[in-house]
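J.:
As structure tokens, this is what we get:
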């Protein structure tokens with residue numbers, strides 16, 4: 001018999017044993033790897049209660065509140081980079097698959113609900129619904145205490161990245177450390193808190209834009225008003241353009257995220273012409289940093305703005321600005 005003959009030979013017997021042993025080891029290693037990957041993924045949805053011990057800055061967070069746990073800083077920054085490159089639909093699908101209702105998802109839900117309220121033509125019903133809306137979301141968001149007619153839901157913190165991947169209070173966990181927002185104040189308390197981009201790089205400069213006087217252009221699409229303002233960045237000498245869109249309903253308004261495009265040319269006594277510069281400010285971004293600075297253009301200049309568009313409607317704006325003063 002072949003099997004009997006095989007086992008009569010010591011060398012062959014040893015080879016069979018070693019093969020079986022190695023096969024068993026490989027199986028165990030694969031099982032261990034699969035187990036480690038499933039229990040310790042690069043990103044997982046955790047709970048604040050696991051990370052609150054000894055943390056004073058997170059006293060406003062419920063222990064059952066979900067929080068994203070990133071394996072390390074590299075994974076954290078890679079994820080933000082990927083999310084910034086996604087379309088709105090892709091981003092929504094990503095968080096849905098992850099099973100995480102954080103700042104981004106909850107804000108979008110609240111904003112969609114407010115949009116529906118703003119479409120109400122009955123003023124009395126509008127006021128009632130807005131009052132109920134603010135009561136419903138007062139524990140999740142902050143509302144403007146300076147302008148009572150601005151009913152935009154604002155985060156209770158100011159941090160670009162954490163408004164994307166943080167929970168509703170702006171927290172994430174990186175490694176074994178709870179990361180808190182840069183600033184625990186609502187965004188409306190800052191004079192300007194836009195997100196910056198240089199076609200289409202997202203910057204970290206917030207509340208760092210100064211608009212020039214008489215350097216704004218507004219287009220109206222039904223009850224939407226979109227405005228572009230020429231100005232400069234405080235940290236550095238770059239010229240920039242700030243965009244914003246507001247939706248009106250009776251006396252009330254809300255800020256609206258949108259896409260913007262336009263072209264701009266600059267002229268001054270110091271430099272004959274800079275342009276045309278194509279400006280593309282994607283959804284969620286509010287500042288486009290121009291490839292031009294104050295040292296080049298001087299303290300007084302003209303600007304020619306053409307084909308200013310916003311994704312909320314078809315209207316186009318154009319204007320020639322004379323003698324803009326740098327401040």
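Residue numbers (full-length UniProt numbering): 1 to 327. Here a beta-carbon is modelled for each residue, glycine too, at the ideal position from N, C-alpha and C. Since the structure is predicted, the reported quantities are computational estimates derived from the model, not experimental observations.
1. I'd like the list of long-range same chain contacts for residue 320, defined as Cβ closer than 6 Å, with 5 residues on each side in sequence excluded.
2. Between residue 76 and residue 271, what straight-line distance do the alpha-carbon atoms span, to the nearest angstrom?
3. Should residue 324 go down as buried or exposed, given a rule of 16 or more other Cβ atoms within 10 Å for buried?
4. Can you name, in chain order, every residue of its own chain whose Cβ lies under 8 Å from the Cβ of residue 316, other than the five neighbours on each side?
5. By the DSSP assignment, the alpha helix (DSSP H) with residue 115 in it spans what residues?
6. Apart from the five residues on each side of it in sequence, which residues of its chain come closer than 8 Å, Cβ to Cβ, to residue 113?
7. Under the three-state reduction of DSSP, which class applies to residue 142: helix, strand or coil?
8. Can you check DSSP and say which residues form a bridge with residue 309?
9. Would you call residue 274 buried or exposed, if buried means 16 or more other Cβ atoms sit within 10 Å of its Cβ?
10. Around the C-beta of residue 162, are 16 or more other C-beta atoms found within 10 angstroms, so that it is buried, or is it exposed?
11. May I have the straight-line CA-CA distance separating residue 141 from residue 111, to the nearest angstrom?
12. Please determine whether the Cβ atom of residue 46 lies at a distance below 7 Å from any heavy atom of the ligand MG.
13. Pull up the DSSP beta-bridge partners for residue 325, would you.
14. Can you check which of these residues, 252, 318, 42, is closest to residue 175 by C-alpha distance?
15. Nearest to residue 254 by CA position, among 147, 102, 98, 96, is which residue?
16. Looking at residue 102: is its Cβ nearer than 8 Å to the Cβ of residue 168?
17. For the structure I just gave you, are there three or more beta carbon pairs, one from the stretch 289-300 and one from the stretch 232-239, closer than 8 Å?
18. With a threshold of 7 Å on Cβ separation, who are the neighbours of residue 100 within its own chain once the five nearest residues in sequence on each side are excluded?
19. Taking only the alpha-carbon atoms, compute the straight-line gap between residue 23 and residue 73 and give it to the nearest angstrom.
20. Which whole-angstrom value is the C-beta distance of residue 70 and residue 172, which I expect to be below 8 Å?
21. Do residue 250 and residue 152 come within 8 Å of each other at the CB atom, strictly closer than that value?
22. Do you know offhand how far residue 199's Cα is from residue 116's?
23. Spatial neighbours of residue 78 within its chain, please: CB distance less than 6 Å, with the 5 preceding and 5 following residues excluded, ordered by chain position.
24. Using the rule of at least 16 other Cβ atoms within 10 Å of the residue's Cβ for burial, across every protein chain shown, is residue 285 buried or exposed?
25. Helix, strand or coil for residue 290? Go by DSSP, reduced to three states.
26. Exposed or buried, what is residue 258 when buried is set at 16 or more other beta-carbons lying within 10 Å of its beta-carbon?
27. Would you mind giving the Cβ-Cβ distance between residue 268 and residue 230, rounded to the nearest angstrom? I have them listed as a contact below 8 Å.
T.: Taking the definition as stated:
1. 304
2. 43 Å
3. buried
4. 219, 307, 308, 309
5. 103-118 is the span of the alpha helix (DSSP H), which, as asked, contains residue 115.
6. 133
7. strand
8. 261
9. buried
10. buried
11. 11 Å
12. In the structure on display, the ligand MG does not appear, and there are no ligands present to speak of.
13. 300
14. 42
15. 147
16. yes
17. yes
18. Same-chain partners within the cutoff: 45, 66, 68.
19. Note on residue 23: pLDDT 43, under 50, position unreliable in the model; no value is reported.
20. Going by Cβ atoms, the distance from residue 70 to residue 172 rounds to 6 Å, so yes, they are a contact pair.
21. no
22. With a pLDDT of only 35 at residue 199, under 50, the local geometry of the prediction cannot be trusted, and the value read off the model is given with reservation. One C-alpha to the other measures close to 32 Å.
23. Within its own chain, no residue has a Cβ closer than 6 Å to the Cβ of residue 78 once the five positions on either side in sequence are excluded.
24. buried
25. Looking at residue 290 - three-state DSSP - the assignment turns out to be strand.
26. buried
27. Going by Cβ atoms, the distance from residue 268 to residue 230 rounds to 13 Å, so no, they are not a contact pair.
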